[in-house]
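Residue numbers (our numbering), protein chains in the order written: chain A, 14 to 159; chain B, 14 to 159.
A short worksheet on the structure shown next.
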DNA sequence: CTGCAACTTCAAGTCGACTTGAAGTCAAGG
DNA sequence: CCTTGACTTCAAGTCGACTTGAAGTTGCAG
């Protein structure tokens, strides 16, 4: 498989694949001339990477989840911890969604006069606005699948 | 109130407050010498901004939610749309959490041999569960809305 | 009146995950 | 053989929300 086939089958642009290789997240099995060659296993690897990203791991963290030989060494405790983290996030977002819905439907003339909105406001003001960089789900620019 | 008092009462560093003023998100009521002076209303304004950030709006979007006179003009349709967006994300994260939990508890010798994990992997590969977007919703203290 | 912590401005730097552009190489179809 | 378009490398740019640093000013305790 050349890079464009991998790109096509994963929806990732070639630039991302080169970037991932440069970072050591994937490996090419060789070259045909200058052109990289990949084998099928890279697809599974990329699926694992996609999963890690979805779970909120950084590329560096994901990299550490692969043994030097390329086999995934996924720590069950780490998965459980991430599941808990995701669960906490779900509950936060649930509160946020409910607040937004109420505010959207609220009949008060101004949101500032709506008690529910004011409560939401207070929660936000005191809410933990932690840097997304730290422990939380990572931000990623959503690139359109091709 | 000088900038450090606002900083103290909101938990935001002075640099952020200056940045917000520069962006036109907040206004100072005057100066004492060079030093900015704020009045109490800035606290409510900053709470609104915090809420907007928590809901996943960008600073530019938030800015547009204030009328030139400073009063919030919150678009109910926009709130409802954001609520839907948050809700969708919640459902994605729910699937992710369940998958992670299963994988953490799965007795298969390797995750790659676990059917549930493989299913999760496929979902991630096809973008069913996506990595959180840049500027996505931030954490807010969860509390039961009423 | 003096010292200095705390403020000020402005430019530039940071962070992660990529993308883009320039310039060069090359495999394969005609 | 020649063209061409897909590949290559490497450096630099992008995005958002700030932070940091340098250099200068100032309110106020002592």
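Virtual Cβ for every residue (Gly too), placed ideally from N, Cα, C.
Just so it is clear, the structure is predicted and the values come from calculations on it, not from any experiment.
Distance from residue 16 of chain A to residue 38 of chain A at the Cβ level is roughly 14 Å; contact not present, criterion being Cβ atoms closer than 8 Å.
DSSP places residue 131 of chain A in the uninterrupted alpha helix (DSSP H) bounded by 128-139. Listed as beta-bridge partners of residue 47 of chain A by DSSP are no residues whatsoever. When DSSP assignments are scanned along the region 20-99 of chain A, the uninterrupted stretches of beta strand (DSSP E) that are 3 or more residues long and fall wholly within it turn out to be 43-45 and 48-50.
Around residue 50 of chain A, the same chain offers 14, 15, 41, 42, 43 and 44 as residues with beta carbons nearer than 8 Å, after the five sequence neighbours per side are excluded.
When the Cα atoms are used, residue 87 of chain B and residue 27 of chain B turn out to be separated by approximately 27 Å. Residue 124 of chain B belongs to the set of residues whose beta carbon lies under 7 Å from a beta carbon in chain A. For residue 72 of chain B, the nearest beta carbon of chain A is not closer than 7 Å to its own beta carbon. Non-local beta-carbon contacts of residue 59 of chain A in its own chain, meaning distances under 6 Å to residues more than five positions away in sequence, involve 23 in chain order. Taking a C-beta distance under 7 Å as the contact criterion, residue 112 of chain B and residue 133 of chain B qualify as a contact pair.
When C-alpha distances from residue 99 of chain B are compared across B:116, B:123 and B:68, the shortest belongs to B:68. Around residue 87 of chain A, the beta-carbon contacts reaching into chain B at under 7 Å are 124. For residue 99 of chain A, the C-beta contacts it makes with chain B under 8 Å involve 106, 109, 110 and 113, in order along the chain. Taking a C-beta cut-off of 8 Å against chain B, the contacting residues of the region 22-52 of chain A are 23 and 24, listed in chain order. By the neighbour-count definition (other C-beta atoms within 10 Å, threshold 16), residue 105 of chain A is a buried residue. Within the same chain, and ignoring the five residues on either side of residue 142 of chain B in sequence, the residues whose Cβ sits closer than 7 Å to its Cβ are 105, 108, 109 and 136. Rounded to the nearest angstrom, the Cβ distance from residue 117 of chain B to residue 92 of chain A is 4 Å, consistent with a contact under 8 Å. At least 7 Å separates the CB of residue 121 of chain A from every CB of chain B. The C-beta distance from residue 129 of chain A to residue 115 of chain A rounds to 5 Å, short enough to meet the 8 Å contact threshold. From the beta-carbon of residue 69 of chain A, the residues of chain B found nearer than 8 Å are 144 and 145.
Spatial neighbours of residue 72 of chain B in its own chain (CB-CB distance under 7 Å, excluding positions within 5 residues in sequence) are listed in chain order as 36 and 38.
Listed in chain order, the non-local C-beta contacts of residue 66 of chain B below 6 Å within the same chain comprise 151, local neighbours out to five positions each way being set aside.
Identification of chain A residues near residue 117 of chain B by a Cβ-Cβ cut-off of 8 Å yields 89, 90, 92, 93 and 96, ordered along the chain. Bridge partners of residue 15 of chain B according to DSSP: B:50. The beta carbon of residue 137 of chain A sits closer than 7 Å to some beta carbon of chain B.
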